[in-house]
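Structure first, commentary second.
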Amino acid sequence: MNAKKTIEGVFFLTGKDFANVGVASSELKAILEKMGIDHDIVRRAAIASFEAEMNVIIYTPAGMMRYKITPDHIKVIVEDIGPGIEDIELAMTEGYSTAPDYIREMGFGSGMGLPNIKKNTNELKISSKLGAGTTREFVINIKKE
Amino acid sequence: MKLQELVDSLSLEVKTAPSNLTKEVTGGYVSDLLSDVIANSKKGNIWITLQTHQNIVAVATLKDLSGIILVNNRTPDAETLKKAEDEGLPILVSPLPAFELVGRLYTLGLRCQ
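If you read the sequences in order, they're chains A and B.
Oh and the first sequence: position 134 is 134 in our numbering, straight run, nothing missing.
For any residue, its number in our numbering is found by taking its place in the second sequence, counting from 1, and adding 1000.
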């Protein structure tokens, strides 16, 4: 791995496109593995980005995932175009979900997504505006503190 | 323990990726909630579920699971089979319900680890 290099990229996500759930996060995982980043850090980044990706595909019409890998950390920003989260604190509660039944029957919508992101990242910021969209921004440190 | 041993001991039907039955199984996890599997399964685990849609392949690939066993003779969707074949992920099918299947896997020595 070239320790001085910063790598950036973007993936576009389409709502209800269940055939492609995991494509963006798998690609990010492959990039991190190729860079020789520690397995545990890759695992945490893969989990967090997968959950964020599922979040966009299940609940929103469209969005995108941007990533920036520096020698110190992995930063991922996942934005969508709506509908927005009314109560972020409630959405962060384990087990809380607004998913409709058909989504739950597929094994999604267990209310574990956002808590899973929080558990696997060093920083997580979620901002949302009803009718406008949600931004999830998280950081995973590469260097041990 | 290798996947092939599970196939032989439990008469599992191999639906995809027969060439990857040489994979080592580190333990097992049973759940039908995708986020639960993402949070709690471990690398190399065999995953026992009733979900048959293509997203199970994405979850198993993300977590580097050794394979998936579908319970109650459930039939994987066509897209699931295609994706699993592309990813080299063995999908196995058992006629047993989850409780019975997990009991037998435990007896064979697999643990949740």
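Glycine is no exception: its CB is placed at the ideal position from the N, C-alpha and C atoms.
Being a predicted model, the structure only gives us computed values, none of them experimental.
Taking C-beta atoms as the reference points, residue 1110 (chain B) and residue 1025 (chain B) count as a pair closer than 8 Å. Using a Cβ-Cβ cut-off of 8 Å, residue 1046 (chain B) does not count as an interface residue toward chain A, since no Cβ of chain A sits closer than that to its own.
Its Cα nearest to that of residue 137 (chain A), the residue A:78 stands out among A:68, A:62 and A:78.
Bounds of any alpha helix (DSSP H) do not take in residue 108 (chain A), whose DSSP letter is neither H nor E. When CB distances to chain A are screened at a threshold of 9 Å, the residues of the segment 1056-1069 of chain B falling below it are 1056, 1057, 1058, 1059, 1061, 1062, 1063 and 1064, in chain order. For residue 74 (chain A) and residue 30 (chain A), the gap between their C-alpha atoms comes out near 14 Å. Of A:120, A:72 and A:98, the smallest CA-CA separation from residue 111 (chain A) is found for A:98. Contact annotation: residue 67 (chain A) and residue 8 (chain A) have beta-carbon atoms nearer than 8 Å. Residue 115 (chain A) and residue 11 (chain A) have their alpha carbons spaced roughly 23 Å apart. Taking a cut-off of 8 Å on C-beta distances, the segment 42-56 of chain A does not touch the segment 98-107 of chain A, as fewer than three cross pairs fall below it. Taking a C-beta cut-off of 7 Å against chain B, the contacting residues of the segment 98-123 of chain A are 106, 107, 108, 110, 112, 113 and 116, listed in chain order. Rounded to whole angstroms, residue 1001 (chain B) and residue 1007 (chain B) show a C-alpha spacing of 11 Å.
Taking a C-beta cut-off of 9 Å against chain A, the contacting residues of the segment 1021-1046 of chain B are 1031, 1032, 1033, 1034, 1035, 1036, 1037, 1038, 1039 and 1043, listed in chain order.
Of the other Cβ atoms in all chains shown, fewer than 16 fall within 10 Å of the Cβ of residue 1099 (chain B); this residue is therefore exposed. Among the bridge pairs identified by DSSP, residue 1002 (chain B) is matched with B:1024. Residue burial annotation: residue 1075 (chain B) is exposed, with fewer than 16 other C-beta atoms found within 10 angstroms of its C-beta. At a Cβ-Cβ threshold of 8 Å, residue 1052 (chain B) and residue 1016 (chain B) do not count as neighbours. With at least 16 other beta carbons inside 10 angstroms of its own, residue 1045 (chain B) counts as buried. By the neighbour-count criterion, in which 16 or more other beta carbons inside 10 Å mark a residue as buried, residue 120 (chain A) falls on the buried side. Chain-order list of chain A residues neighbouring residue 1054 (chain B): 18, 19 and 21, by C-beta distance under 9 Å.
Cβ atoms of residue 1093 (chain B) and residue 1070 (chain B) come within 8 Å of each other, at about 5 Å.
Counting other Cβ atoms within 10 Å of its Cβ, residue 26 (chain A) reaches 16 or more and is therefore classed as buried.
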